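Everything below concerns the one structure shown next.
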Amino acid sequence: MSKNVNVGLVQMSCTADVESNIQKAINGIREAARQGAQIVCLQELFTSLYFCDVEDHHNFSLAEAIPGPTTERLGAVAGELGVVIVASLFEKRAQGLYHNTTAVLDADGSYLGKYRKMHIPDDPGYYEKFYFTPGDLGYKVFDTKYARVGVLICWDQWYPEAARITALMGADLLVYPTAIGWDTTEPDPKQNEEQYNAWQTIQRSHAIANGIHVVAVNRVGREADQQFWGGSFVSNPFGSLLYLAPHDEEVVHVQTIDLALSEKYRTTWPYFRDRRIDSYQPITRRYIDE
């Protein structure tokens with residue numbers, strides 16, 4: 001028996017105008033709901049430009065409490081439309097303490113909780129360690145009206161351990177709010193192609209390894225030297241693409257996924273059954289060199 005859920009993806013460009021970005025996201029949520037979405041997923045740090053391309057103390061002014069003004073505003077929209085909203089925000093936890101955080105609002109408008117990004121990058125164009133303290137809430141699954149939603153964030157995408165743990169916690173689907181793109185100063189187009197392909201492939205592999213749908217929502221547009229590549233997608237539990245967004249357009253898309261397929265794929269390909277949990281202790285070491 002199928003268990004269909006309609007998931008909306010809002011892929012958008014951002015500007016320095018926070019209010020304009022929030023309004024654009026709300027318009028996207030409304031459009032997704034009009035198309036029948038029950039769960040709507042926004043991209044990483046959607047209220048602003050991706051400010052982590054530089055280390056600038058002024059950018060801390062973009063942070064806010066969670067729950068706080070934006071979650072209250074989105075909660076009202078969620079309750080009005082009867083949709084679940086997955087919203088990535090810059091969290092100010094205390095003076096001098098900040099997180100890259102995703103809040104989940106249920107379909108009645110209630111605040112269900114938050115996930116704080118666990119893996120924090122520090123690379124040219126992605127100086128996130130300057131801004132964000134690594135998450136300390138552990139991996140999270142949210143019991144929404146329509147599904148148990150597992151949330152991870154961007155750099156978490158590259159870590160199979162994060163996807164596995166969230167799936168083992170009973171997630172019905174994995175959602176990755178994301179902000180990643182091509183370096184416009186990179187002279188080798190092959191490098192850009194390989195980076196995008198790796199980004200998509202690793203997440204599709206999480207779908208396969210865990211027998212679960214994966215939803216990745218990325219931003220689009222040029223910001224400083226980054227050309228955010230869009231390419232938001234939905235993968236089924238065997239890694240097949242159900243939807244792929246363009247690289248150069250804002251888009252609101254609603255994809256129907258059948259959560260019951262996890263039962264089929266996990267029975268046919270029983271990776272969970274055959275896991276040798278007695279042999280995995282070495283994974284907790286930084287490097288196995290003794």
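Take the sequence shown: its position 207, counting from 1, is numbered 207 in UniProt numbering, and each next residue is one higher. No residue lacks a Cβ here, since even glycine has one placed at the ideal position from N, Cα and C. Since the model is a prediction, treat every value here as computed from it, not as a measurement.
- Residue Arg204 holds the alpha-carbon nearest to the alpha-carbon of Leu242 among Asn59, Val84, Asp188 and Arg204.
- Taking 9 angstroms as the cut-off, the beta carbon of Ala209 is found closer than this to the beta carbon of Arg164.
- Look at Val54 here: in three-state DSSP terms it is coil, with no helix or strand label.
- Contact between the region 91–99 and the region 152–160 is absent: fewer than three C-beta pairs spanning the two stretches fall below 8 angstroms.
- Listed in chain order, the beta strand (DSSP E) runs fully inside the region 162–197 are 173–178 and 181–183, counting runs of at least 3 residues.
- In this structure, Asn6 keeps its C-beta atom at 9 angstroms or more from the C-beta atom of Gln43.
- In the DSSP assignment, Glu91 falls outside any alpha helix (DSSP H) and lies within the beta strand (DSSP E) extending over Val84 to Ala94.
- The C-alpha of Tyr271 is placed about 15 angstroms away from the C-alpha of Gly170.
- Assignment of Asn236 by DSSP, reduced to helix, strand and coil, places it in the coil class.
- Excluding the 5 residues flanking it on each side, Thr185 has same chain C-beta neighbours closer than 7 angstroms at Asp225, in chain order.
- In this structure, the beta-carbon distance from Ala216 to Ser232 falls below 9 angstroms.
- Ile288 has its alpha-carbon roughly 43 angstroms from the corresponding atom of Asn4.
- Excluding five sequence positions before and after Glu55, the CB atoms of its chain that fall closer than 6 angstroms to its own CB belong to Tyr127 and Phe130, given in chain order.
- Here Leu137 is exposed. Its C-beta has fewer than 16 other C-beta atoms within 10 Å.
- If you ignore the 5 residues before and after Pro121, its C-beta comes within less than 6 angstroms of the C-beta of Glu128 and Trp155, all in its own chain and listed in chain order.
- The C-beta distance from Asp183 to Gly125 rounds to 6 angstroms, short enough to meet the 8 angstroms contact threshold.
- When Cβ pairs closer than 8 angstroms are counted between the two stretches, the region 74–92 is seen to touch the region 19–38, the count reaching three or more.
- Straight-line spacing of the CA atoms in Leu173 and Ala147 works out to 8 angstroms.
- Cα atoms of Glu194 and Arg222: separation of roughly 19 angstroms, rounded to the nearest angstrom.
- Glu19 and Asp278 have their alpha carbons spaced roughly 51 angstroms apart.
- Following the DSSP letters along the chain, one finds Glu223 inside the beta strand (DSSP E) bounded by residues Val220 to Glu223.
- Under the three-state reduction of DSSP output, Leu81 falls in the helix class.
- Counting other Cβ atoms within 10 Å of its Cβ, Met1 stays below 16 and is therefore classed as exposed.
- Closest by C-alpha distance to Tyr111, out of Thr144, Leu62 and Arg93, is Thr144.
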